[in-house]
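To start, the structure itself, in structure tokens.
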Amino acid sequence: MYQENIVLCGSSKYTKKFYLNEDFNGLPKQVKDELKIMCVLYTEEIGGTLELQFDDDGSLSLVTNAEEGDLLYDEIGSVLKIKQLQKEKAELFEQLENYYKIFFLGEDA
0 MYQENIVLCG
10 SSKYTKKFYL
20 NEDFNGLPKQ
30 VKDELKIMCV
40 LYTEEIGGTL
50 ELQFDDDGSL
60 SLVTNAEEGD
70 LLYDEIGSVL
80 KIKQLQKEKA
90 ELFEQLENYY
100 KIFFLGEDA
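As structure tokens, this is what we get:
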């Protein structure tokens, strides 16, 4: 099992960059594009950073952070937006968890 969470992808308002872990290059282009759009739109609207991470059980989490003193980061909006994404993207997140469990943790389908 992994010691730390594995980052699937992330976006930063500070660097204006999107990151996709190269271990996940095997995902379909449509899925990678959807992840990029979701993360970048989140950081443009809310600020800070957003990472999608798998824990050692294969559960996917949306992790947000902001630099100390970032007055433009919308903390309340962040909570609401994460809940919205979890609801709207539930099927995508479930499929990503299944993908991770099969290809990275070696679990049976």
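In numbering that gives the first Met the number 0, the protein residues as written are 0 to 108.
Even glycine gets a Cβ: it sits at the ideal position worked out from N, Cα and C.
Cβ separation of residue 20 and residue 7, assumed to be a contact under 8 Å, to the nearest whole Å: Position 21 of the sequence shown holds residue 20. Position 8 of the sequence shown holds residue 7. Contact holds; Cβ gap of about 6 Å.
Exposure of residue 14, with buried meaning 16 or more beta-carbon neighbours within 10 Å: Translated into positions along the sequence shown, residue 14 becomes position 15. Residue 14 comes out exposed.
With C-beta atoms as the reference, is residue 9 less than 8 Å away from residue 51? Position 10 of the sequence shown, counting from 1, holds the residue named residue 9. Position 52 of the sequence shown, counting from 1, holds the residue named residue 51. A Cβ-Cβ contact shorter than 8 Å links residue 9 with residue 51.
Which runs of the alpha helix (DSSP H) at least 4 residues long sit entirely within the region 2-87? Give them in chain order. Fully enclosed alpha helix (DSSP H) runs of 4 or longer: 28-45 and 74-87.
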